[in-house]
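J.: Following the numbering used here, the numbering of the sequence shown begins with 2 at its first residue and continues without gaps.
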Amino acid sequence: MKVMLFFPPHWTPAMPQLGVPTLTAHLRAHHVEVIQRDLNIEVFDAILTPGYLQQAIARLRQEYGPHAQRRPDRPVVPPREQVQWALEHGPNLANQVENAVNIIRSEAFLDGPIGVQAFLIVAQCLDLALLPFYPTSLNLSNFTPPYPVDKSRNLLRAVRDPQYNPFLDLFRGMVIPDIEREQPDLVGISIPSLDQMLAGVTLAHLIKQAGLPCHVTTGGPHITMLREAIPQVPAFFEWFDSAVTFEGETPLLRLVEALESNGDLSPVPNLIYEDGDQVRVTAPTEPEKSFDLALPDFDGLPLDRYLAPKLVLPLRTARGCYYGKCAFCNVDYAGPPSYRQLQAQRVVDQMTALHKKYGVRHIFFADEAITPRNLRDMSSLLAPQDPPIYWCGCVRFEKPLTQNILDALAPAGCCMLLFGLETASEPMMEAMAKGTQLEHMSRILRQSAAAGIWNHTFFFFGFPGETIEHAQETVNFIYQHKHFIHSASPGAFALERYSPAHRFPRSFGIKRVIEDPARDLAIYFDYEVERGMDEAMAELLASRFVDTLPEKRYGHFYITDAYRFIYASHLREMSVPHPPWVVPEEETSAVS
2 MKVMLFFPPH WTPAMPQLGV PTLTAHLRAH HVEVIQRDLN IEVFDAILTP
52 GYLQQAIARL RQEYGPHAQR RPDRPVVPPR EQVQWALEHG PNLANQVENA
102 VNIIRSEAFL DGPIGVQAFL IVAQCLDLAL LPFYPTSLNL SNFTPPYPVD
152 KSRNLLRAVR DPQYNPFLDL FRGMVIPDIE REQPDLVGIS IPSLDQMLAG
202 VTLAHLIKQA GLPCHVTTGG PHITMLREAI PQVPAFFEWF DSAVTFEGET
252 PLLRLVEALE SNGDLSPVPN LIYEDGDQVR VTAPTEPEKS FDLALPDFDG
302 LPLDRYLAPK LVLPLRTARG CYYGKCAFCN VDYAGPPSYR QLQAQRVVDQ
352 MTALHKKYGV RHIFFADEAI TPRNLRDMSS LLAPQDPPIY WCGCVRFEKP
402 LTQNILDALA PAGCCMLLFG LETASEPMME AMAKGTQLEH MSRILRQSAA
452 AGIWNHTFFF FGFPGETIEH AQETVNFIYQ HKHFIHSASP GAFALERYSP
502 AHRFPRSFGI KRVIEDPARD LAIYFDYEVE RGMDEAMAEL LASRFVDTLP
552 EKRYGHFYIT DAYRFIYASH LREMSVPHPP WVVPEEETSA VS
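#1: For the segment 514-564, list the alpha helix (DSSP H) runs that are entirely contained and at least 4 residues long, ordered along the chain.
#2: Going by DSSP, what residue range makes up the alpha helix (DSSP H) through R75?
#3: Look up N456 in the DSSP assignment and say whether it is helix, strand or coil.
#4: Counting only the same chain and skipping the five closest in sequence on each side, list residues whose C-beta sits under 8 Å from that of M2.
#5: Could you give the distance in angstroms between the alpha-carbon of S443 and the alpha-carbon of N456?
#6: Below 8 Å, can you find three or more Cβ-Cβ pairs linking the segment 302-309 to the segment 326-341?
#7: Can you tell me which residues form a DSSP beta bridge with R173?
#8: Consult DSSP for R447 and reduce its assignment to one of helix, strand or coil.
#9: Does the CB of Q448 have a neighbour CB from chain C at under 8 Å?
#10: Have a look at the DSSP bridge pairing and note the partners of H363.
#11: Taking only three categories from DSSP, how would you classify H206?
#12: Among D387, A543, R532 and C416, which residue has its Cα nearest to the Cα of A432?
#13: Please list the terminal residues of the continuous alpha helix (DSSP H) segment that includes P491.
#14: With burial defined as no fewer than 16 other Cβ atoms inside 10 Å of the residue's Cβ, what is the status of W12: buried or exposed?
#15: Quick one, are the C-beta atoms of L402 and A425 less than 8 Å apart?
#16: Is there contact between the segment 91-105 and the segment 45-52, where contact requires at least three CB pairs shorter than 8 Å?
#17: If you compare alpha carbons, which of A159, R62, A495 and H484 is closest to L129?
#18: First and last residue of the beta strand (DSSP E) that includes C416?
#19: Thinking C-beta only, is A87 closer than 8 Å to I58?
#20: Which one of L418, E474 and H579 has the shortest CA to CA distance from K553?
#21: Go through its chain and collect everything with a Cβ distance to W240's Cβ below 6 Å, but skip five positions before and after it.
#22: Can you give, in chain order, each stretch of the alpha helix (DSSP H) that sits fully within the segment 106-185 and has at least 4 residues?
#23: Tell me, which residues are paired with G189 by DSSP?
#24: Mind checking which residues open and close the alpha helix (DSSP H) that includes Y65?
#25: Return the chain-ordered list of same chain residues with a C-beta closer than 7 Å to the C-beta of T251, the five sequence neighbours on each side being excluded.
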């Protein structure tokens with residue numbers, strides 16, 4: 002039995018994603034032949050080349066004329082000055098792209114002036130490469146489809162539309178021939194997020210269009226969130242033969258075994274599939290008697306091609322969230338509570354194994370939140386290592402996160418902690434069921450910064466019932482702690498499928514959830530609040546806050562979590578203090 006697993010764009014191209022290597026490890030441990038492909042980095046690799054950019058310029062010139070004087074017959078066109086810019090500067094960008102990519106993959110990226118110049122060239126090259134598909138766009142942090150793909154009718158149109166879908170030609174050239182050659186029995190396409198929906202479905206569409214005789218399945222968090230919608234969307238089964246929901250290791254292995262034997266899919270747990278004219282949903286997996294996470298298997302991925310100066314690999318200390326009560330979060334997707342944790346020794350053993358196997362010195366923990374106990378125990382186990390394995394992860398602002406624990410983290414290799422601040426208004430913290438307190442938030446930020454750790458915070462405006470005054474409390478807190486916060490991700494509240502706020506809207510001040518029947522693949526919903534600011538005001542407030550932030554001379558270090566992490570470890574090695582986020586930079590020489 003041969004399996005090919007694909008991870009489609011868009012994800013940060015600075016490091017691999019964890020899901021496919023985890024599934025690969027499980028299948029290979031059961032003697033299944035697996036070929037895994039990270040199409041995310043492969044697509045960036047294909048686009049960021051002189052040849053692809055020259056083709057984009059030629060297409061623009063053909064459609065818009067040599068001076069962008071023509072308007073092609075298409076519903077939406079970019080501003081003329083944008084096309085003029087591409088035609089004028091495109092040839093020079095094509096000549097510079099290879100060198101810029103090589104810089105990002107080298108130590109030179111950590112030199113401020115050199116790194117920012119390379120980053121800007123790559124960003125402009127991505128704008129140029131996707132301009133023929135306008136309004137579709139792709140950059141290092143997000144992908145914008147030509148129209149909303151949470152409508153199946155839009156997806157049906159987009160997967161067949163070469164005018165707007167850049168993945169059609171890319172996958173026809175770089176993926177379909179390989180599937181034809183390898184002749185897998187099963188193709189699995191991971192779709193963790195909405196950003197990857199168009200690319201994932203496009204690949205499935207091309208496999209079906211080519212008539213390749215393989216079972217095509219999909220899975221991932223995004224598919225799990227759509228598990229109730231999928232049986233009501235007939236188009237889904239034009240692309241996929243089945244869908245795996247929730248954790249994929251056991252269902253995927255059982256699917257392999259079923260296809261290898263009699264083809265009866267009914268015993269496969271957590272599976273949605275079409276059986277004649279019926280859609281069947283199988284029973285969930287049995288609760289596990291013991292818990293372990295296999296070491297992710299990254300063999301076969303192009304680890305030297307990621308767009309970062311250091312190799313960063315993801316890992317987990319646990320599955321699920323040990324708190325799991327936040328009203329805005331859908332961590333268990335309304336399924337049974339699923340939190341399970343590895344012991345610290347097992348985590349450290351996996352870190353060491355990845356270091357020995359791949360030479361990696363940067364581990365990014367992809368947990369919802371690492372427990373204070375594991376932080377304490379990992380620190381004691383890792384402290385003797387020299388040189389250290391650098392690591393980072395998400396944690397909660399909690400009383401048990403003591404100064405002793407924080408002081409022990411940096412010597413053990415911890416460079417960055419990512420905190421879910423969300424709000425600094427006590428009424429809103431209570432409304433969100435956040436379970437945190439201002440006194441601990443303040444103390445932890447101060448003590449963590451003093452311990453030499455880069456503090457990153459997440460916060461948002463617009464949770465139902467939040468007023469401008471509540472939001473101002475959060476802004477005040479950020480500025481009161483400006484010397485202890487080194488980066489942040491501000492945003493606006495989104496009502497996500499299966500979060501407590503979505504499941505029990507009245508309990509959280511939501512008067513009405515607006516469900517558009519045409520958005521049959523939606524995971525985010527518009528809503529009306531009983532009081533406080535609405536969605537539009539929250540988004541405006543978030544954008545205005547971002548507009549007030551001071552410029553960073555080397556802002557490329559802040560684009561992705563992986564870059565921030567690498568930058569934090571670099572500053573530590575150089576014995577340079579971390580620059581505060583909202584404090585204007587002094588005119589000092591670049592770190593190099």
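Idealized CB from N, CA, C, for every residue including glycine. Note that the structure is predicted; figures quoted are calculated from it, not measured.
T.: Let's see:
#1: 536-548
#2: Taken as a continuous stretch (DSSP letters only), R75 belongs to no alpha helix (DSSP H), as it is neither H nor E.
#3: strand
#4: V33, E34, D186, L187, V257, L260 and E261
#5: 12 Å
#6: no
#7: In DSSP, R173 forms no bridge with anything.
#8: helix
#9: The structure shown contains no chain C, having only a single protein chain.
#10: V313 and Y391
#11: helix
#12: R532
#13: P491 -> not in any alpha helix (DSSP H); beta strand (DSSP E) instead, spanning S488 to A493.
#14: buried
#15: no
#16: yes
#17: R62
#18: C415 to E423
#19: yes
#20: H579
#21: V202, A205 and H206
#22: 113-131, 153-159, 168-175 and 177-183
#23: L6 and T218
#24: P51 to Y65
#25: P270 and T286
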